[in-house]
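Numbering (full-length UniProt numbering), first residue to last: 1 to 171.
The C-beta atom is built at its ideal place from N, Cα and C for all residues, glycine as well.
Since the structure comes first, as structure tokens, the remarks are kept for the end.
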């Protein structure tokens, strides 16, 4: 018979699932039995989100401390800043709250700019516009600036590993 084998050749089917989904006997495990380890991508993603969650927790804690300021906290601040008394510290707190339009405990750029525009004269706003208009109206320079900035960033990004790129927020 030459080249024909005397025993059957079995081909294992192509499986798109990891071997950990199956038991030693070849039967598929139940959903609760899966022991999936985190992939490298999932670990990187977890690090990225943990950092953002930490910042969010710290922001919420600072906001809660600020809103729930007690008499003891006022006395501690008055002791720390000896040139201010408790009434002035309360005034500063109220001023901060007037700047913080959405009451999230952080003064964003938009909130600051809104208050800035309300408090300054129109001549100063016109002067600011006049000094920034050459950059805003010249589209050729804008594109050149963006391209230069983009190429500078590309050179930096190429040197980073995939994990660092993900942690920086590029993906």
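Spatial distance of residue i from residue j (CA atoms)
i           : j           : result
residue 158 : residue 88  : 51 Å
residue 180 : residue 166 : Within the shown structure, residues of the chain are numbered from 1 to 171, placing residue 180 beyond reach of any answer.
residue 162 : residue 19  : 27 Å
residue 173 : residue 123 : Given that the chain is displayed from residue 1 to residue 171, the structure contains no residue 173 and the question cannot be resolved.
residue 50  : residue 56  : 10 Å
residue 156 : residue 41  : 21 Å
residue 71  : residue 58  : 23 Å
residue 52  : residue 12  : 45 Å
Three-way DSSP call (helix, strand, coil) for residue i in this model
i          : result
residue 64 : helix
residue 11 : coil
residue 22 : strand
Nearest-angstrom beta carbon gap, residue j and residue i [assumed within contact, 8 Å]
i           : j           : result
residue 96  : residue 112 : About 11 Å separates the two Cβ atoms, so there is no contact after all.
residue 30  : residue 21  : That pair is no contact at about 10 Å.
residue 86  : residue 101 : Rounded, the Cβ-Cβ distance is 26 Å, inconsistent with contact.
residue 105 : residue 63  : 3 Å
Sequence-distant residues of its chain with Cβ nearer than 8 Å to residue i (five each side left out)
i           : result
residue 69  : 93
residue 81  : 89
residue 107 : 96, 99, 100
Other residues of its chain near residue i: CB distance less than 6 Å, five sequence neighbours each side excluded
i          : result
residue 77 : 89
> Hey, which unbroken runs of the alpha helix (DSSP H) at 4 residues or more fall wholly within the UniProt domain "EF-hand" (87-122)?
Replying inline: 109-119
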